[in-house]
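To start, the structure itself, in structure tokens.
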Amino acid sequence: MGHCILTVDDSSTMRQMITFTLKGAGFDVLEAGDGLEALEVAKGKKLSLIITDVNMPRMDGITLVQRMRALPEFKFTPILVLTTESDASMKQKGKEAGATGWIVKPFSPEKLLDVVNKVI
Amino acid sequence: MSDAMAQFRDAFFEEATELADGMEATLLSMDLADVEVEDLHTLFRAAHSIKGNAATFGFPAVASFTHQLESTLEPVRQGTRPMTPDLRELMLQGVDLIRSHLHHARREESLPAKEQQLQTALITKLQDDSPTAPPPAPAAALQSPSKSVALKGGKGFSIRFEAPTDAFRRGINLERLFRDLGKLGTLQIWPDLSRVPKVEAMDPEDCHLAWDIRLETAHPQIDVEDIFEFVVDGDNLRIQPLAPEGAVPSLGELLQTEAGVSPADIREALSQQKRLGELLVDMGKVKPEAVNKALDSQQKKRNQAEASTVRVATEKIDRLVNLVGELVITQAMLAQASQQSNTMQGEEQMSAALMQLDRQTRELQERVMGIRMVPVEMVFSRFPRMVHELGKQLGKDVELVMEGQATELDKTFIEMLVDPLTHLVRNAVDHGMEDKEERLQSGKSPMGTIALKASSRGGHIHIEVKDDGKGLNRDRIYQKALDRGLIPPGTRPSDEELNLLIFEPGFSTVEQVSDLSGRGVGMDVVRQNVRGLGGRIEVESQPGKGTLIRLVLPLTLAILDGLTVRVAEETFVFPLASVLESFQRRGSDVQTVKGDREVISLRGEFIPVVRLQRLLALGVSQEASERTLLVLVESEGRRAAMAVDELLGQQQVVIKSLETHYKRVEGISGATILGDGRVALILDVQGLMRQEAGAAAVGA
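As structure tokens, this is what we get:
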């Protein structure tokens, strides 16, 4: 199928873990360190899913979701928000911005794949 | 923990440590009178990342503590709580605790009781200190939402689901929902189109679909809820069990629902189960000492594993890969040239390829050495905090200025420089710097400055610790040296020589040994460490202006500037750093004292002569020259003249360990391979002197 997933996180460890897990499951993975870089990386790409952290320098995840939704090519692309805030407010903010869903940290590689498979 | 997670554990620890270091640096550099909002965000993000990663990689204790710091920082970055000096101190303590947490988590230990207490106290203070004390964050905030609904399983569920209006705009795949539901069991679906508005009134991007679903399944309700996780919005999902059926819950779950025990308490209780060693000791199968010994050796192995990794920038590796690519091309060129080596063209090609090979080999050598190089920042980064604390403790206003943090040094150096530099910086603050009143009296700014500077000069790295304090009191040093018999009475050494006396063992001119300096490593140990690295120390000091101590270090330990010499038929290498000069003397200039000890007189000083060929048992040299060639060497402040047969030249040699390939040999520090493929031994000057002294003692 060749699904390509963009993972956005300012923590390189987290990014590596996500990339490793997703690649292991046969996905193609692109990486970006913050929202602005994500917009750059995504340009011209066909993405099946975007996974983004919330708290990041330069551009946070919520803004990234809003910006993505404003672009015709990513208007309907699933976007998952990574968050440690398991409270309703962050999920709500993500939803309002147009995020498809969220993954609450801490999560295991298995959980990550579960959620990814839920939206792709 | 799954393998995939274990793989990233080291990366987690490194990153978390860096984040903690970053928090500390930010806290220290913050101007509390005018706090940059971005700094607060940086702090918050760091705490947030550590928390999230710790929880993900299986370190709940790290996560929950960092969570407290994060919660404290939240109102601060929102501007509702000021960053006060007190709060900064508390946060700094917090950073220390994070480090300690990481240290213990890495060893799979829990935090020691003492630090647990510190942590509890700190958390209380963080909350007390807050003008609008936030409620203590529940431990449950870190867990997945309560799963008590999962207690009851049944034959299945009847489900009513109305899709959220924004489902399409949020990239939700509704088809996927039904596919996943279908995986749980048998599905019957009745779409409900009654909510779809008339075409004229409809926004095609809105979703108005709804379904009634009957699902026969053995899965618990939570699994069903999980599928709808992202589309639940208010009351748009209703799930009712078809035929409720009791399942036997675990004791923990029952206690949770019926007795109100918190999940955290249950986890705590479970974690108190005994460890393997304790169990075996209780069973009388093994003695406690044996368990401790095994744990110790496990610890050692762990430490070794930790110490042996080095982080390398990808860029450096990329350059290496490129270079290897170029080498392959050169090799092909050489192969081709060698086939037509008897033609003019072949010869030209050959020499061109050889020149290229020469350049590439040199570059490869530099780059590979570069892998071991890490920025001096790694040592420097600890000093802002230290100087801050020291200044506070001593009641001095001290500012630390750093320069050249990007200068790269061999990784081994970095590790071995920590203690000496710490000592020098402490000394500068404690002894070099006057207190405020004294500074004001002598017309200086009350704020003292310590400058840490690293720079690369030729083949050396210079690291300077400079203070603008009172400078060395050379008269007192002179007096003290006289008292201790370090210098003969009646002579007054030069200022430079006097400066260096502070590095003599047990030399301290401070009457009052303070709590900070004057303990642990002394200045003599600093010099010893620096010499151990093949470096030297220079001191500049001006009364009333300050002192500068400069460590001059070679670029790397793996390559040595050497003086190659011949003794009998063998070639040896002297480390150039310990060679002062070489000269020839007539055999008659060598005088014998105390029976068989030979000395020569050099500028009024008697210097012992070491006959290398005798010491190293090389047999008698053939040349019965009447002139003796001597190499004057110095180590640990002692000098000796080593008799050799020929000086061959200066060159850089790559040090190979003799110990790993053969065994330790007194007087030899390693070996190297010369251009012609022969092995030359590298002389350990200090060892040779020791050996000679020993031989003389036996002979006497």
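Sequence order for the protein chains is A and B.
The first sequence begins at 58 in our numbering and counts up one residue at a time.
The second sequence begins at 86 in our numbering and counts up one residue at a time.
Glycine residues also receive a C-beta, built at the ideal position from the N, C-alpha and C atoms.
Taking buried to mean at least 16 other C-beta atoms within 10 Å of its own C-beta, is residue i buried or exposed?
i	result
residue 153 of chain B	buried
residue 632 of chain B	buried
residue 305 of chain B	buried
residue 427 of chain B	exposed
residue 128 of chain A	exposed
residue 689 of chain B	exposed
residue 512 of chain B	buried
residue 668 of chain B	exposed
residue 174 of chain A	exposed
residue 273 of chain B	exposed
residue 777 of chain B	buried
residue 159 of chain A	buried
Mind checking if residue i is an interface residue toward chain B, Cβ cutoff 7 Å exclusive?
i	result
residue 102 of chain A	no
residue 133 of chain A	yes
residue 64 of chain A	no
residue 151 of chain A	no
residue 83 of chain A	no
residue 71 of chain A	yes
residue 155 of chain A	yes
Would DSSP call residue i helix, strand or coil?
i	result
residue 271 of chain B	strand
residue 766 of chain B	strand
residue 737 of chain B	strand
residue 80 of chain A	helix
residue 71 of chain A	helix
residue 727 of chain B	strand
residue 749 of chain B	coil
residue 133 of chain B	helix
residue 788 of chain B	Beyond the ends of chain B as shown, which are 86 and 785, falls residue 788 of chain B; an answer cannot be given.
residue 551 of chain B	strand
residue 532 of chain B	coil
residue 317 of chain B	coil
residue 151 of chain B	helix
residue 139 of chain A	strand
residue 105 of chain B	helix
residue 688 of chain B	coil
residue 603 of chain B	Annotation note: pLDDT 42 at residue 603 of chain B (below 50); position unreliable, coordinate value reported separately. If DSSP states are grouped into helix, strand and coil, residue 603 of chain B belongs with coil.
residue 503 of chain B	helix
residue 791 of chain B	Because chain B here runs from 86 to 785, residue 791 of chain B falls outside it and cannot be looked at.
residue 62 of chain A	strand
residue 241 of chain B	strand
Quick one: is residue i near chain A, going by C-beta distance under 7 Å?
i	result
residue 256 of chain B	yes
residue 93 of chain B	yes
residue 97 of chain B	yes
Which residues of chain A have a Cβ atom closer than 8 Å to the Cβ of residue i, listed in chain order?
i	result
residue 133 of chain B	112 and 141
residue 140 of chain B	141, 162 and 163
residue 253 of chain B	133
residue 130 of chain B	67, 112, 113 and 114
Listing by chain order, which chain B residues have their CB less than 8 Å from the CB of residue i?
i	result
residue 175 of chain A	261, 265, 312, 314 and 315
residue 90 of chain A	Per Cβ cutoff of 8 Å: no residues; residue 90 of chain A is ~12 Å from chain B at best.
residue 59 of chain A	Here the premise fails: no neighbours, minimum Cβ distance about 17 Å.
Since residue i contacts residue j with CB under 8 Å, what's their CB separation in whole angstroms?
i	j	result
residue 578 of chain B	residue 110 of chain B	Actually they do not touch by this definition, with Cβ atoms about 42 Å apart.
residue 520 of chain B	residue 481 of chain B	6 Å
residue 161 of chain A	residue 140 of chain A	6 Å
residue 125 of chain A	residue 131 of chain A	4 Å
residue 242 of chain B	residue 326 of chain B	6 Å
residue 434 of chain B	residue 421 of chain B	7 Å
residue 92 of chain A	residue 64 of chain A	No, residue 92 of chain A and residue 64 of chain A are not in contact; Cβ-Cβ is about 13 Å, not under 8 Å.
residue 620 of chain B	residue 638 of chain B	4 Å
residue 509 of chain B	residue 587 of chain B	Rounded, the Cβ-Cβ distance is 11 Å, inconsistent with contact.
residue 104 of chain B	residue 134 of chain B	6 Å
For a contact meaning CB atoms closer than 9 Å, what does residue i contact in chain B?
i	result
residue 76 of chain A	Ordered by position in chain B, no residue passes the 9 Å Cβ test against residue 76 of chain A, which lies about 11 Å from the chain.
residue 126 of chain A	254, 255 and 256
residue 136 of chain A	255 and 256
Could you list which residues in chain A have their beta carbon closer than 7 Å to that of residue i, in chain order?
i	result
residue 136 of chain B	141
residue 100 of chain B	68, 69 and 70
Quick one: which chain B residues come within Cβ less than 7 Å of residue i?
i	result
residue 158 of chain A	314 and 315
For the ligand FMN, is there any heavy atom lying closer than 6 Å to the beta carbon of residue i?
i	result
residue 86 of chain A	The model on display carries no ligand, and the ligand FMN is accordingly not part of it.
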